[in-house]
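Participant: Mind looking over this structure? Questions follow.
Number of protein chains: 2
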Amino acid sequence: MDYSLLWLDWKRKSSLPAYTKRIVGMPATRQGKAALRELLNGLKAMGADSELCSGSDGCPSIRLNECPGGGEKAELHRSGEGLALIGSGRGLIYGVFYLLRHLALGEDYPEWESSPAYPIRMLDHWDNADGSIERGYSGRSFFFRSGRPVCTARTRDYARLLASCGLNGCCINNVNVHGSALKLLTGSYKRELKRIAVCLEEYGVALWLSVSFSAPMELGGLATADPLDPEVRQWWQDTSRQLFSAIPNLAGFLVKADSEGRPGPHSYGRSHAEGANMLAEAVSPFGGKILWRCFVYNCTQDWRDTETDRAKAQRDAFAPLDGQFRENVFLQIKNGPVDFQIREPVSPLLGELEHTSSILEFQIAQEYTGQQKHVCYLLPMFREVLDQQMGRRADRDLVAERISAVCAVSNTGDDPNWTGHDLAAANLFGFGLLSWDPSAEPEAIAREWSILTFGGDPEVTDTVTDILLRSRSVYEKYTVPLGIGWMCVPGTHYGPSPEGYEYDRWGTYHRATHREIGVERGPGGTGFTEQYSPALAGMYASKETCPEELLLFFHRLPFDYRMKDGRTLLQRIYDDHFEGVEEARAMSDAWDRLEDRLDPAVFARVRARFREQLRSAAEWRDVVNSWLYRLTLIPDEKGRKLYL
Amino acid sequence: MDYSLLWLDWKRKSSLPAYTKRIVGMPATRQGKAALRELLNGLKAMGADSELCSGSDGCPSIRLNECPGGGEKAELHRSGEGLALIGSGRGLIYGVFYLLRHLALGEDYPEWESSPAYPIRMLDHWDNADGSIERGYSGRSFFFRSGRPVCTARTRDYARLLASCGLNGCCINNVNVHGSALKLLTGSYKRELKRIAVCLEEYGVALWLSVSFSAPMELGGLATADPLDPEVRQWWQDTSRQLFSAIPNLAGFLVKADSEGRPGPHSYGRSHAEGANMLAEAVSPFGGKILWRCFVYNCTQDWRDTETDRAKAQRDAFAPLDGQFRENVFLQIKNGPVDFQIREPVSPLLGELEHTSSILEFQIAQEYTGQQKHVCYLLPMFREVLDQQMGRRADRDLVAERISAVCAVSNTGDDPNWTGHDLAAANLFGFGLLSWDPSAEPEAIAREWSILTFGGDPEVTDTVTDILLRSRSVYEKYTVPLGIGWMCVPGTHYGPSPEGYEYDRWGTYHRATHREIGVERGPGGTGFTEQYSPALAGMYASKETCPEELLLFFHRLPFDYRMKDGRTLLQRIYDDHFEGVEEARAMSDAWDRLEDRLDPAVFARVRARFREQLRSAAEWRDVVNSWLYRLTLIPDEKGRKLYL
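Chains as they are written, first to last, in this note's numbering: chain B, 1 to 644; chain A, 645 to 1288.
Written as structure tokens, this is what we have:
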């Protein structure tokens, strides 16, 4: 096997509760059987001498009780000196993994009664048919090779990893559908797709496909993809029928339409709702769903145009359509209004939809957050988003309560450690746990992940947890100041280029002069703040009440603006950048001190990443600070080195 | 035929001198026969009713008198009522093309007695084996297709074009040798190469090849490419013997070594002289020559490092080696010390070499000068370089007199018009004429090229000549100010990005603050000016005597620096950019007025390029000016629009 099993690589335990010796229960379904197998194998790996018994004979045991139906609920109760696990086949899978994880954490009688918060909890892979991965930082695709989907032993282990942290779906191909990925919709690759779907299904993981809105033209030879055209509708219905009948575990389609050059209903004068509903109708007979991305903006903006504000685009495009979508359409909304920056306010669209289902999209692929060369534990950011009160209604007003589903752009590839940076696997694991329970604590998740991954040495657990929890703030400090975004190198999005996007077409500007920086988004500016509820709008619109970490997202400010602690805006940015590098060094040093406590290969791999992080962090610090120094000619108050 | 013949597409003349009726002479060599054929075909195309006669019978005639030997001298004399053309086979070719061109210009008795100024006058093609062209803006390669060299009818027409303007060599593959181009040295493609060489030879055009310094490892399986290693030397000798004996018209090798990541002698602690001499020794028995590029600099500079000055690198690397090179080595020196920017001073290395042959390298591929989307007639720039007095000795001190050979990076590809922009062919033609006679006048060249290309309509000739002569200054005005260079988009080198190279590794910085811009290269700065003779050094070192168009190449200056005409530096830059766009528009309008006088396809093609030039020029203007405005917050004195 040329890859690790991450947190499923169960460590040997010196002692286990007596009930682990005896497993009772004969699940009937394929998923129930998988649960049983995971339990036996997991306990064996931990050193238990478990036996599958037809009855408990009064001895302590783990009793698996499979219920009919396909629900995801799992119940794990103490039963005498043993445990009882109750659920459907899928519920048993979640329960078994919960049990194994908590035994590994050292709990004697883990009890749990839980249903997931959302029925759809999935990963979006941006894998291309040629095996490359858009914004992939962990090797090549394990779903595609040389233009074709492939199903290997790794597919099954991938499904196990997903199920073990609560995920139940994945879209295996890039939302930018090109090359032979177009043909996934038609007969060409049905056999491979079915193989993958069946493999995933064993662990309750549904298969999703990204489709191109113009597929009726590209594949069907039609002259149009107009969603109101009867032939087009028929083509989608026929294609869906064939696909859903061939692939048992297909859940639906993900669509990026009228976005960044992708085809969509606007080409035919139709709305997003007309486009999405046409697809929804086609997949509806098979229980299929449509995930319709809201990442829509003008990507050929003239930088001279100060009226257009990209942050406003998604709410402007979709809020007026609320209520027009079929019930099996989910609007897929990125967490922030722009694009996965290290700091953004929550997307105002998340507060708008009252009659439309939505799926919140995070990105664990670290496109703008260090590309899995830098440690950046994203769970605290995700929690901020989920915990945001939108101020639109009295109850169920939190983002976590307003959404109907969650997904994340995956950070996986065929690297031996799956995620390039070993510590990036915490984002994968953590996203899973959060998708099941959005009130899960980032610190507890980090601690659990560390123990499962590196074993129970408290020194290791404490250090790794501490590194993870500090990492996002550290990354933010040495990169882009106070929510302003987009100071990365255009195209690659790695490394600093403060003016790189300034005169380009992407609508991402800071318009810095030697006196001021930022775009004013309050009522006196682009008016973006007005997209929020009055409470949020008021808070963001005022410099005094705007959270400081978002100050430059919302406001254009002079460099001598006084922060709450009395420092100037400029000095705050200088300080953050110097501190960020020092803090990165401290994280790296802390890791180095674990050398004798970790597997040498893992230790060395992460150490090498830290070396690159420190190099890159110093580059960020020096470029951003020197750029500001050249602009302002105001030196650092502490006399630290800036470069002319 | 899917391409034009450019200036060799002879136009019908209403009258021709009587002597064109009768051609006398039977050249014996392949080249002499080609000359005769060109003469007959050319005259026929112009409408002459020419006959090849065994004698003149006392009637006016053109008498071809082929002399033995391989010299390039051509003599064209009036002889009674006719003309006598005297030369070797190669001389006859040059004489015939001269005669045809001048008949086309309307001269009755063109007389000429001329030898070329340099024995090597060549084009360097940056064509890759896969058919792509590095920095190519005119389609794909016509020398390579799918990894192999190809010889087609176009190869012969290419040779005709070269000979017709005086060129006698071409290096067909990229100096960055990779892919299957590596194998050009060994047996793999000998048949194709021989075919190309034979085809070129008919028109006196020699074949050159770019080679990789580490070929003994890449191809020979040796463990080293150390130039002092006996096995390495033997490998090069054997390889050269096989290659030169298989390819009759091979002139030698072009080498980019120890430059931008290419392998070279420095890897083995050897000098450029040791590296070049080893190759020179290997090709010497076959009359071969080595062209050794001096484009050597630190391409991983830390932008924080203000000591290193890329402009100094070439002189520092090569001047100390003067006299150490074998006589069949030519050091290939770019015209400026940096890299083909729209404005640079002459390379100081051109003033240094007293005991080493040099080949001056121009670039007619418009990498930094508009990529054949913008008109930019480069001959005035080339003349400035050739006419530069280096101040190193009493006689033969001009660059044109110090160099031993000339070459230019070619602007050709398989586009139907060869050069993408129809007007870019003037650079190809003009470089040829200048390589034969470095005192040729850019205006006369432009006029001649226009008449040969578009016919004799004086309105067309005047307009085209005027556009060409203004074009370089116009391009310079709206792009990079006063010699500072490198404000283009990194990588592509097209379009503006004033800070694009600022924090990168290429040694190309302006270090602008809100008060000052530029790198000081005088004695108080990097000391680059000291690389020149005292006269030039003194002129460049002083802001007062430094030519204004080079002011920001040599000096760091405050934006309120007063130019000679009283304007501030900043206002001068603003003005240049506004004027440059207006002047580009005037050129475009002038072209539009030729609509009824030109072939509709040619007219439309050039008009489309002008549209793009105007769009791009406005972008350059707005980005550079707005960037300066944001830096300084000083408005344009004339109140023109700048963008915050």
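All residues carry an ideal CB built from backbone N, CA and C; glycine is no exception.
Can you tell me whether DSSP reads B/Asp-204 as helix, strand or coil?
Facilitator: Residue identity check: residue 204 of chain B is Gly in the sequence provided, not Asp. It is coil, neither helix nor strand.
Participant: Could you give the distance in angstroms between the alpha-carbon of B/Leu-428 and the alpha-carbon of B/Gly-87?
Facilitator: Roughly 25 Å between the two C-alpha positions.
Participant: In its own chain, which residues sit with a C-beta less than 8 Å from the C-beta of A/Met-645, not counting the 5 before and 5 after it?
Facilitator: The answer, listed in chain order, is Ala-797.
Participant: Along chain B, which residues have their Cβ under 8 Å away from the Cβ of A/Leu-1275?
Facilitator: Chain B residues near A/Leu-1275: Thr-513, His-514 and Leu-631.
Participant: Can the beta-carbon of A/Leu-994 be found closer than 8 Å to that of A/Ile-1008?
Facilitator: Not a contact, by the Cβ cut-off of 8 Å.
Participant: Report all residues from its chain with a CB closer than 6 Å to the CB of A/Met-1082; omit the five preceding and five following residues, and keep chain order.
Facilitator: Just to set this straight, residue 1082 of chain A is Pro in the shown sequence, not Met. Cβ within range, chain order: Ala-761, Leu-1030 and Ala-1044.
Participant: Compare the C-beta of A/Tyr-1205 against all C-beta atoms of chain B and say whether one is closer than 8 Å.
Facilitator: Cβ-Cβ to chain B under 8 Å: no for A/Tyr-1205.
Participant: Which residue marks the beginning of the alpha helix (DSSP H) containing B/Ser-50, and which one marks its end?
Facilitator: From DSSP, B/Ser-50 is part of no alpha helix (DSSP H); its letter is neither H nor E.
Participant: Determine contact between the region 862-871 of chain A and the region 912-928 of chain A, defined as no fewer than three beta-carbon pairs at a distance below 8 Å.
Facilitator: Cβ pair count under 8 Å is three or more, so yes.
Participant: What does DSSP give as the partner residues of A/Pro-668 in its beta bridges?
Facilitator: What sits at residue 668 of chain A in the sequence shown is Val, not Pro. Note: A/Val-668 sits in a beta bridge opposite A/Cys-697 and A/Arg-707.
Participant: Please report the distance separating the alpha-carbon of A/Gln-1215 from that of A/Glu-1223.
Facilitator: Those two C-alpha atoms are separated by around 12 Å.
Participant: Return the residue from the list B/Ala-18, B/Ala-34 and B/Asp-57 that minimises the CA-CA distance to B/Gly-47.
Facilitator: Out of B/Ala-18, B/Ala-34 and B/Asp-57, B/Ala-18 has the C-alpha closest to the C-alpha of B/Gly-47.
Participant: List the endpoints of the continuous beta strand (DSSP E) containing B/Leu-360.
Facilitator: Counting along the chain, the beta strand (DSSP E) containing B/Leu-360 begins and ends at 357-363.
Participant: Check whether chain B comes within 8 Å of A/Arg-948, counting only Cβ atoms and requiring the distance to be less than that.
Facilitator: Closer than 8 Å: yes.
Participant: Taking A/Glu-1143 as the query, report the chain C residues whose CB atoms sit under 7 Å from its CB, ordered along the chain.
Facilitator: Of the chains in the structure shown, none is chain C; the protein chains are B and A.
Participant: Report the residue from B/Val-24, B/Leu-207 and B/Val-338 whose alpha carbon sits nearest the alpha carbon of B/Leu-291.
Facilitator: B/Leu-291 has its Cα closest to that of B/Leu-207, out of B/Val-24, B/Leu-207 and B/Val-338.
Participant: Which stretch, first to last residue, makes up the beta strand (DSSP E) that contains B/Lys-292?
Facilitator: This sequence places Trp at residue 292 of chain B; Lys is not what is there. Where B/Trp-292 is concerned, the enclosing beta strand (DSSP E) stretches over 289-293.
Participant: Can you check whether the CB of A/Leu-1113 is closer than 8 Å to the CB of A/Tyr-1205?
Facilitator: Result no, Cβ atoms of A/Tyr-1205 and A/Leu-1113 do not sit closer than 8 Å.
Participant: Does the count of Cβ pairs from the region 102-113 of chain B and the region 155-166 of chain B closer than 8 Å reach three?
Facilitator: Contact fails: fewer than three Cβ-Cβ distances are below 8 Å.
Participant: For a test of the three-state rule: what should DSSP assign to B/Cys-546, helix, strand or coil?
Facilitator: Coil, per DSSP.
Participant: Pick out the complete alpha helix (DSSP H) segments inside the region 1037-1112 of chain A, 4 residues or longer, and give them in chain order.
Facilitator: As far as the region 1037-1112 of chain A is concerned, its whole alpha helix (DSSP H) runs of at least 4 residues are 1043-1046, 1069-1080 and 1086-1098.
Participant: Roughly how many angstroms lie between the CA atoms of A/Glu-1281 and B/Val-406, to the nearest whole one?
Facilitator: Near 56 Å, if we compare the C-alpha coordinates of B/Val-406 and A/Glu-1281.
Participant: Identify the contact partners of A/Leu-1288 in chain B, using a Cβ-Cβ distance below 8 Å as the criterion.
Facilitator: Near A/Leu-1288 (Cβ distances below 8 Å), the residues of chain B are Thr-306, Arg-511 and Thr-513.
Participant: If the cut-off is 7 Å on Cβ atoms, which residues from the region 1020-1052 of chain A count as contacting chain B, listed in chain order?
Facilitator: Cβ contacts with chain B come from no residue of the region 1020-1052 of chain A.
Participant: So for B/Asp-157, helix, strand or coil by DSSP?
Facilitator: B/Asp-157 falls in the helix class under three-state DSSP.
Participant: Report the CB separation of A/Asp-1265 from A/Tyr-1122 in whole angstroms; it is logged as a contact under 8 Å.
Facilitator: With the sequence shown as reference, residue 1265 of chain A is identified as Arg, and Asp is not the correct amino acid for it. At roughly 5 Å, the Cβ-Cβ gap stays under 8 Å, so A/Arg-1265 and A/Tyr-1122 are in contact.
Participant: Got a sec: is the Cβ-Cβ distance from B/Gln-623 to anything in chain A below 8 Å?
Facilitator: Rather than Gln, the amino acid found at residue 623 of chain B in this sequence is Val. Closer than 8 Å: yes.
Participant: According to DSSP, which residues form a beta bridge with A/Leu-650?
Facilitator: Per DSSP, none; premise fails for A/Leu-650.
Participant: Ordered along the chain, which non-local residues of its own chain (more than five positions away) have a Cβ less than 8 Å from that of B/Ala-446?
Facilitator: Result list for B/Ala-446: Tyr-377, Leu-379, Ala-426, Gly-430, Val-464, Thr-465, Leu-468 and Leu-469, in chain order.
Participant: List the endpoints of the continuous beta strand (DSSP E) containing B/Met-122.
Facilitator: 120-124 is the span of the beta strand (DSSP E), which, as asked, contains B/Met-122.
Participant: Ends of the beta strand (DSSP E) at B/Val-255?
Facilitator: 250-255 is the span of the beta strand (DSSP E), which, as asked, contains B/Val-255.
Participant: Please compile the residues from chain A whose C-beta is within a distance smaller than 9 Å of the C-beta of B/Tyr-574.
Facilitator: In chain order: nothing, as chain A lies at least about 16 Å away.
Participant: Quick check on DSSP: helix, strand or coil for A/Leu-994?
Facilitator: Correct three-state label for A/Leu-994: helix.
Participant: I'd like to know if B/Pro-496 contacts chain A, where contact means its C-beta is closer than 8 Å to some C-beta of that chain.
Facilitator: Taking Cβ atoms only, chain A reaches closer than 8 Å to B/Pro-496, which makes this a yes.
Participant: Are three or more beta carbon pairs between the region 307-314 of chain B and the region 248-266 of chain B nearer than 8 Å?
Facilitator: With a cut-off of 8 Å, the region 248-266 of chain B and the region 307-314 of chain B do not count as touching, because too few Cβ pairs lie within range.
Participant: Tell me, please, whether the CB atom of B/Tyr-478 is closer than 8 Å to any CB atom in chain A?
Facilitator: For B/Tyr-478, the answer is no, since every Cβ of chain A falls outside 8 Å of its Cβ.
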